[in-house]
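**Student:** This structure is in structure tokens; I'll ask about it shortly.
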Amino acid sequence: MSLTLAHVSGSNFSYQHHPLERCFDDLAALGRTAVELWGIAPHLHVPWCSDADARGVRRAAESRGLDIICFTPEQVMYPVNIASPDRRLRAESIAMFRRAAELAVALGSPKLFLTPGRGFETESQGTAWRRSIDALGEITAYAQTLGVECLLEPLQRVESDLVNTARQVAHALDEVGAPNLGVALDTVAMAAAGESVADYFEMLGDRVRHVHLIDGTPTGHLAWGDGELPLERILTTLDQHDYSGWMTVELFGDGTYALDPRTALARSLSAIEEALPASMR
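Per the numbering used here: the sequence shown ends with 1177, consecutive numbering throughout.
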């Protein structure tokens, strides 16, 4: 089955200064049928969100023909760090993800998005690695009891000192050993590490289960056309490896994107459709 524009999901990543309903309205108007939900205030702040609140978000999405296909709590910029050397911060971070797994069920989301966290730059990387792996094991085990699949995304080096490459994320998955843990391929993090889509599939195969499809220079989660990444090559390689999962346009909400998110998303969707080979449209 070839990739098509129907495999592209939207998100509220650039909508944090707008009501969540506007995001859902725009996605529906742009022909999307799925949304990756970023768990950020005021849209859905995990510590304050009840199951009833989450079910209300699910109904709002479904009323516009949208399925929530991945729940992605904020976990890079906020004080959430599963590898933190601070015991209380790490414990509260793990508890947040356990709660996020429960909310994923209420949202109807089959997937929960995870990142590896980071240690202090001054400490042994191996010590921080162990804290991360142990935390991932605890979170994925709890998510599995709820029927939730988890995704682990490699981050840029400025974001994490633990998992930045396909090889490192493969090592992490092997150590965690959780059957419900796969990988999210982020095209910007991939390019920042000097890697390609082919590198990910060579190292991970069908453990690649989600894609953040965005442009960059190579950094900076940009609308397609605002960066320099090879979109057609990325899409063709994904298709050559029989990838048929979701690809989310993850535009960060800074600059003009936050002021006019629909225009940036529409430009990206048009660029993606144009870059698809004729047989894949």
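Don't be surprised by glycine CBs; every beta carbon is placed ideally from N, CA and C.
#1: Specify, as a first and last residue, the run of the beta strand (DSSP E) that I1110 falls within.
#2: Do L899 and L1003 have their C-beta atoms within less than 9 Å of each other?
#3: Along the chain, where does the alpha helix (DSSP H) containing V1084 start, and where does it finish?
#4: With the cut-off set at 9 Å, would you say V942 and P969 are in Cβ contact?
#5: Under the rule that 16 or more other beta-carbon atoms within 10 Å means buried, what is R1014, buried or exposed?
#6: My understanding is that V1065 touches R1105, with C-beta atoms under 8 Å, so please give their C-beta distance in whole angstroms.
#7: Beta carbon of L1032, beta carbon of V976: below 9 Å?
#8: Which residues in the same chain have their Cβ closer than 8 Å to the Cβ of T1061, if we skip the five residues on either side of it in sequence?
#9: When DSSP builds the beta bridges, which residues end up paired with E1045?
#10: I'd like to know whether the C-beta atoms of L1134 and V1145 end up nearer to each other than 9 Å.
#11: For T1023, which residues from the same chain have a beta carbon less than 7 Å from its beta carbon, with the 5 sequence-adjacent residues on both sides left out?
#12: Go to P1157, then tell me how far its alpha helix (DSSP H) extends in each direction, as first and last residue.
#13: How big is the Cα-Cα spacing for E917 and T929?
#14: In terms of residues, what are the limits of the beta strand (DSSP E) holding G935?
#15: Roughly how many angstroms lie between the CA atoms of R951 and L1008, to the nearest whole one?
**Tutor:** Let me spell this out:
#1: That residue, I1110, is in no beta strand (DSSP E); it is neither H nor E in DSSP.
#2: No. Outside cutoff.
#3: Unbroken alpha helix (DSSP H) run through V1084: 1083–1088.
#4: Yes. Within cutoff.
#5: When all chains shown are included, R1014 counts as buried.
#6: That belief does not hold up - the Cβ atoms of V1065 and R1105 are roughly 12 Å apart, past 8 Å.
#7: For L1032 and V976, no; Cβs fall outside 9 Å.
#8: Excluding positions up to five away in sequence, the list reads P1050, A1089, E1091.
#9: According to DSSP, E1045 bridges with K1007.
#10: The answer is no: Cβ separation not under 9 Å.
#11: The residues are G1015.
#12: For P1157, the uninterrupted alpha helix (DSSP H) segment begins and ends at 1157–1171.
#13: Taking the straight line from one Cα to the other gives about 15 Å.
#14: That run of the beta strand (DSSP E) goes 930–935.
#15: When the Cα atoms are used, R951 and L1008 turn out to be separated by approximately 16 Å.
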